[in-house]
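Chains as they are written, first to last, in the numbering used here: chain A, 6 to 376; chain B, 2 to 178.
Even glycine gets a Cβ: it sits at the ideal position worked out from N, Cα and C.
The model shown is predicted, which means the values in this text are computed figures rather than measured ones.
For reference, the structure is listed below as structure tokens.
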Amino acid sequence: MKKLIYFIGFLLYAQTALMAQEIIPEKQWTVPAVYAFDEEVTWYFDFASASALPDGGDLYMWIWVPKNPIPDATPENLAKTKLHYDGDRIWSITFTPTTFFGMTVDEIKANTESSFYFLLRSLDFDTYHSGTLSFYKTDFIGEFANSGKVIDFAPTDFRLNSTISILFNSNLVDGFNPVPSTLHMHGGLNDWDAAQSFDAWLPEIREKTQFKNMGNGIYKKDLIPQTYFGVTEEYVMENIAFVIAKYNGNDASPDWAGASPDFKIIAPGVPIPPPANLYFFPIKVSINDILTITRENNDRGQRLFYTITGGSKTLSGDLEGAMTSQRVMINLAKEFKGINVSKLTVLIKDQNNKSIYDGDITLMKVDNPTK
Amino acid sequence: MKKSKYLLGCTFFLLLAFHFAGCEPVTDDGTYVDPITLYEKVNGSWKLSDITQIDETAKTMGISPSELKLTEQFDFTSFAIALNVDAAQTPTSYLVSGAAPELFPNQGFWDLNTSFPYANAKAPTINLYSDQAKTTLIGQLSITSIPGAKPEMELKLSRSSDGVPFVSYVYKLITAN
């Protein structure tokens with residue numbers, strides 16, 4: 006008899022559950038995109054077309070991996086799992102995983118499941134609920150630290166108005182170990198077309214551009230390109246170009262204390278541009294020849310300048326051309342006439358003082374009777 | 002029979018003699034004319050129609066680019082050279098005019114390393130000298146295309162190091178007159 010009652014009860018529950026309408030999020034994402042398990046994160050859900058879920062309707066998260074944080078459904082516990090309605094049919098929940106689950110970082114990592122598994126539901130479950138949802142539980146930062154990469158970013162499908170997390174391994178860049186103070190982003194969209202400089206003397210800019218120290222030499226910067234670089238929503242983002250600047254830590258006399266090499270993140274869907282190519286023509290040259298310096302596949306808006314020193318004379322000027330190719334042709338015989346020169350020191354920089362080339366050209370000794 | 006063999010031999014000899022006589026530089030009126038020398042083809046005033054710089058190292062290694070047009074650069078279009086000869090077609094002085102870069106000395110004296118084209122198509126060489134006695138060589142230009150029916154000539158200036166060419170300039174010239 007008891008078994009029969011249980012069976013009838015189960016059938017009633019199952020029928021009720023089947024009658025509940027399933028809600029499916031259009032999309033879901035996290036801010037920041039990459040987070041440590043002891044770092045605060047917000048999970049977002051866009052239920053744009055889930056008709057069973059009214060605008061601003063109550064949503065609760067029932068999560069069981071890595072573990073259920075509220076085994077007892079007390080009002081206080083339920084409040085921990087209630088999502089916030091942000092408007093425009095977007096709900097979110099903000100928490101710090103270690104606190105939320107009552108687990109250490111290592112315990113969360115030790116859980117063998119690859120994702121956080123959960124569902125979203127009405128308080129009674131029966132009115133509406135989602136199917137099983139998940140977010141990757143990857144230790145992205147730990148994997149990055151062991152990857153040998155200097156920078157990385159996530160998500161790969163970031164957009165102008167979504168969050169991107171940029172990771173930087175300071176251990177792999179000369180002059181960054183140890184880091185004297187804080188690290189800051191000095192960058193711009195589309196090859197510096199829309200820039201946010203690291204103006205070290207402005208406290209609010211120091212705060213805005215600062216990377217977060219994740220420990221062990223790993224730094225992270227979370228940003229939304231549109232708001233961070235101050236562009237309109239119509240702006241067509243093709244790349245994020247930047248260097249990572251060291252702050253000297255002296256607020257009384259704030260300044261840069263060095264910078265990393267240049268980095269560039271290509272926006273999703275944008276073809277990867279061909280690499281820049283600098284070459285000298287001819288490969289071997291004498292002081293009596295015409296030397297041509299060409300750089301192909303330049304960045305958008307990049308302007309190049311040269312300085313050539315031979316003996317006591319220094320030449321300087323612009324490379325002419327555009328993004329595809331910039332070039333300068335020099336009549337060495339004329340420019341260095343009467344000067345005993347065995348090598349030329351060539352320095353090429355762009356308008357942002359970025360060094361493109363810094364090296365010597367050894368001049369050939371001509372053995373046939375030509376000038 | 003012996004007589005007819007003798008006559009046949011004489012006829013053959015006479016035909017042979019006439020045949021070689023046809024190669025003699027004799028005009029219709031019977032006067033002798035010297036064969037045309039390279040000096041007659043090369044001398045005169047020439048102006049530039051095109052110049053290309055060749056990276057011989059890149060060319061050998063199969064690296065691109067190995068050639069670069071210079072024609073529109075550095076006033077090369079103003080380049081002209083006069084290769085002067087005297088009345089006997091003996092080379093005398095040469096003079097480069099215009100504002101093009103001076104890749105070889107602009108003036109001096111010249112001659113050729115051969116008066117006639119080589120049978121093996123090897124390029125004849127214009128030797129450039131600083132002195133009238135032609136004892137001090139200051140430059141050499143290969144004639145990579147000899148003037149023929151068309152009044153065009155191609156000169157190549159090469160620079161070498163340890164005997165290996167590393168850069169050349171090919172001047173394409175047309176007669177200035």
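Which of the three DSSP states is assigned to residue i in this structure?
i: I156/A; result: strand
i: L83/A; result: helix
i: Y233/A; result: helix
i: S159/B; result: strand
i: T378/A; result: Residue 378/A cannot be examined here, being either before or after the span of chain A that is shown, 6 to 376.
i: S170/A; result: strand
i: R211/A; result: helix
i: G263/A; result: strand
i: P199/A; result: According to the sequence as given, residue 199/A is Ala; it is not Pro. Residue state, collapsed to three classes: strand.
i: D111/A; result: helix
i: V248/A; result: strand
i: L88/A; result: coil
i: G193/A; result: strand
i: E25/B; result: Low per-residue confidence applies at E25/B: pLDDT is 46, beneath 50, and the placement is therefore not dependable enough to give any value.
i: F19/B; result: Caution is warranted here: a pLDDT of 41 is assigned to F19/B, below 50, making its placement in the model unreliable, and the coordinate value is therefore given only provisionally. Helix at F19/B.
i: P102/A; result: helix
i: A81/B; result: strand
i: E340/A; result: helix
i: L349/A; result: strand
i: S175/A; result: helix
i: T132/A; result: coil
i: M62/B; result: helix
i: A71/B; result: Here residue 71/B turns out to be Leu, not Ala, going by the sequence shown. Note: L71/B maps to coil in three-state DSSP.
i: L368/A; result: coil
i: G164/B; result: coil
i: K72/A; result: coil
i: Y170/B; result: strand
i: I37/B; result: coil
i: E325/A; result: strand
i: V241/A; result: coil
i: V43/B; result: helix
i: F145/A; result: helix
i: Q356/A; result: coil
Check the Cβ of residue i against every Cβ in chain B and list those closer than 7 Å, keeping chain order.
i: F286/A; result: D56, P66 and L69
i: S291/A; result: R160
i: I313/A; result: Ordered by position in chain B, no residue passes the 7 Å Cβ test against I313/A, which lies about 16 Å from the chain.
So which residues of chain B does residue i contact, with C-beta pairs closer than 9 Å?
i: M334/A; result: L69, L71, Q74 and F75
i: T329/A; result: Near T329/A there are no residues of chain B at all, since even the closest Cβ is about 15 Å away, more than 9 Å.
i: L339/A; result: It should be pointed out that residue 339/A corresponds to Lys in this sequence rather than to Leu. Near K339/A (Cβ distances below 9 Å), the residues of chain B are F75, P102 and E103.
i: D365/A; result: Those within 9 Å of D365/A in chain B number zero; the least Cβ separation is about 17 Å.
i: I298/A; result: The contacting residues do not exist; I298/A stays about 12 Å from chain B at best.
Assuming residue i and residue j make a contact with CB atoms under 8 Å, what is their CB distance in whole Å?
i: L320/A; j: E340/A; result: 6 Å
i: T145/B; j: W47/B; result: Actually they are not in contact, since the Cβ atoms of T145/B and W47/B sit about 14 Å apart, beyond 8 Å.
i: L88/A; j: M66/A; result: 6 Å
i: G263/A; j: K251/A; result: 5 Å
i: L58/A; j: I98/A; result: Wrong, their Cβ atoms sit about 15 Å apart, outside the cutoff.
i: I156/A; j: V39/A; result: Going by Cβ atoms, the distance from I156/A to V39/A rounds to 12 Å, so no, they are not a contact pair.
i: V36/A; j: Y49/A; result: 7 Å
i: I52/B; j: S169/B; result: With 8 Å as the limit, I52/B and S169/B do not qualify as a contact, their Cβ atoms being about 11 Å apart.
i: L39/B; j: P118/B; result: 6 Å
i: F216/A; j: I249/A; result: 7 Å
i: P74/A; j: F106/A; result: 5 Å
i: K348/A; j: D365/A; result: 5 Å
Could you tell me which chain A residues have their CB closer than 7 Å to the CB of residue i, listed as they occur along the chain?
i: F167/B; result: P287, K289 and M369
So with CB distances below 9 Å, who are the chain A contacts of residue i?
i: A177/B; result: Correct list: empty, because the minimum Cβ distance to chain A is about 23 Å.
i: A134/B; result: Under the 9 Å cutoff, chain A gives no residues; its nearest Cβ is about 16 Å from A134/B.
i: A150/B; result: By Cβ distance, chain A contributes nothing, its closest Cβ being about 31 Å from A150/B, past 9 Å.
i: A124/B; result: What A124/B touches in chain A: nothing, since even the nearest Cβ is about 15 Å away.
Below 8 Å, is the gap between the Cβ of residue i and the nearest heavy atom of the ligand MN?
i: G220/A; result: In terms of ligand content, the structure shown is empty, and the ligand MN therefore cannot be addressed.
Please tell me whether residue i has its Cβ less than 9 Å away from any Cβ of chain E.
i: I353/A; result: This model lacks chain E altogether, as its protein chains are A and B.
Would you mind telling me which residues of chain B sit closer than 8 Å to residue i, beta carbon to beta carbon, in chain order?
i: I344/A; result: Result: empty, since nearest Cβ-Cβ is about 16 Å, beyond 8 Å.
i: D323/A; result: None at all; the shortest Cβ gap to chain B is about 16 Å.
If you pair each beta-carbon of the region 109–124 of chain B with each one of the region 54–74 of chain B, do three or more pairs fall below 8 Å?
-> no
Is the region 55–62 of chain B touching the region 86–93 of chain B in the sense that three or more CB pairs, one from each, lie closer than 8 Å?
-> no
Could you name each continuous beta strand (DSSP E) segment of 3 residues or more that falls completely within the region 24–70 of chain A, going from the start of the chain to the end?
-> 32–36, 46–51 and 65–70
Is the number of C-beta pairs between the region 288–296 of chain A and the region 336–356 of chain A that are closer than 8 Å three or more?
-> yes
May I ask you to verify whether the region 77–85 of chain B touches the region 313–328 of chain A, counting CB pairs closer than 8 Å and requiring at least 3?
-> no
Going along the chain, which unbroken runs of the beta strand (DSSP E) with 3 or more residues stay wholly within the region 273–314 of chain A?
-> 282–286 and 295–301
Between the region 181–193 of chain A and the region 205–221 of chain A, are three or more C-beta pairs nearer than 8 Å?
-> yes
contact_flag[the region 353–372 of chain A, the region 156–174 of chain B] where n(CB pairs < 8 Å) is 3 or more | yes
Kindly provide the ranges of any beta strand (DSSP E) runs that are 3 or more residues long and lie completely inside the region 84–155 of chain B, ordered along the chain.
-> 92–98, 108–113, 126–130 and 138–146
Is there contact here, the region 225–240 of chain A with the region 160–169 of chain A, by at least three beta-carbon pairs under 8 Å?
-> yes
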